[in-house]
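In what follows, a structure is listed as structure tokens, so that the remarks can point back to it.
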């Protein structure tokens, strides 16, 4: 990046970054499409900063067009990217010679690592933990379960996005030099978070999936139940099998959620009528 004659550009305030955060919180997947995914949401979220940096119509149009390229990352953990790009845009507006390709290369270089961490941590582990509390309350007939989940999810997401965008703005292009984003660190963190996510999902399955069989038979004047045998092998064996089947159908057979729900209802009804479950 070569410097040109410095221009006087307005400071990006915390109020500006809050406006960016608010837009990203509610519109991070707006106008999502298979060709460029989050490009419109990214540009729309960055617009309060771009308007301040580029008051001219042509300059603003060029800045928006610059971000009409492919972009896709996890929305919460990936929020520092927006802050970093806001800082780089301010450098460009101040007169530094920064090519459009350089800005988009920085975005491309950051979105993958942040997505890997975010998908494992936020979308899997944190969401599953919050849902476990909400589901426990809902199963007890407490209407506050889903309400508390919604409030907690939005509050945590807002906090993480706000912190991430402000951190990204402070670091600017130096976010690329973070030791946390090295391939080795990302691999270790992602693997650890995947294990945590699997543990959480396993605990949820054992807690909330209720499946047992009443099948029994008499041998030498002693009644034996199939369920007791399965429990002796491994407690919650049938719920594990069912969760495994649902995962297989969704992952490898591309069954939709609605199809899986319908399948579960049909199997439950038929199994109940035949006294299998």
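Numbering (the numbering used here), first residue to last: 47 to 323.
All C-beta atoms, glycine included, are put in the ideal place defined by N, C-alpha and C.
Query	Result
Counterpart residues of residue 40 in DSSP-defined beta bridges	Since the first residue of the chain shown is 47 and the last is 323, residue 40 is not available in this structure.
Rounded separation between residue 100 and residue 125 - CA only	22 Å
Closest residue to residue 286 among 247, 92, 173 and 211 (Cα-Cα distance)	247
Host beta strand (DSSP E) of residue 80 (start-end)	Counting along the chain, residue 80 falls outside any beta strand (DSSP E), and DSSP gives it neither H nor E.
Inter-stretch contact at 8 Å, needing at least 3 Cβ pairs: the region 187-203 / the region 244-262	no
Residue 265 - DSSP class collapsed to helix/strand/coil	strand
Distance between beta carbons of residue 119 and residue 127, contact taken as under 8 Å	6 Å
When 59, 58, 89 and 249 are compared against residue 73, the one with the closest alpha-carbon	89
From 214, 263, 296 and 301, residue whose alpha carbon lies closest to that of residue 60	214
Cβ neighbour criterion (16 or more within 10 Å) applied to residue 168	buried
Close-in-space but distant-in-sequence residues of the same chain around residue 135 (CB under 8 Å, 5 per side omitted)	92, 95, 96, 99, 109 and 149
Own chain, CB closer than 7 Å to residue 48, minus 5 neighbours either side, in chain order	Note that residue 48 scores 44 on pLDDT, short of 50, meaning its location in the model is unreliable; the coordinates nonetheless yield the value given after this. Only 143 meet the Cβ criterion.
Start-to-end residues for the alpha helix (DSSP H) that takes in residue 195	190-217
Beta-bridge pairing of residue 57 - partner residues as DSSP gives them	Residue 57 is not bridged to any residue.
Separation of residue 187 from residue 54, as counted between CA atoms	60 Å
Residue of 208, 102 and 257 minimising C-alpha distance to residue 121	208
8 Å Cβ cutoff met for residue 116 and residue 82	yes
DSSP-derived helix/strand/coil call for residue 323	coil
Residue 104 - DSSP class collapsed to helix/strand/coil	helix
Residue 123 vs residue 160 beta-carbon contact at 8 Å	yes
Integer Cβ distance of residue 259 from residue 295, believed to fall under 8 Å	The Cβ separation is near 21 Å, so there is no contact.
Proximity of residue 165 and residue 112 at Cβ, strictly below 8 Å	no
Beta-carbon proximity of residue 364 to residue 67, cut-off 8 Å	No answer is possible for residue 364: the residues shown for the chain start at 47 and end at 323.
DSSP-derived helix/strand/coil call for residue 270	strand
Residue 2, enclosing alpha helix (DSSP H) - first and last residue	Residue 2 lies beyond the stretch modelled for the chain, which goes from 47 to 323, so this question has no answer here.
Nearest-angstrom Cβ-Cβ length linking residue 257 and residue 301, presumed shorter than 8 Å	About 19 Å; that fails the 8 Å criterion.
Rounded C-alpha distance that separates residue 310 from residue 156	40 Å
Residue 238 to residue 172 span [Cα, whole Å]	14 Å
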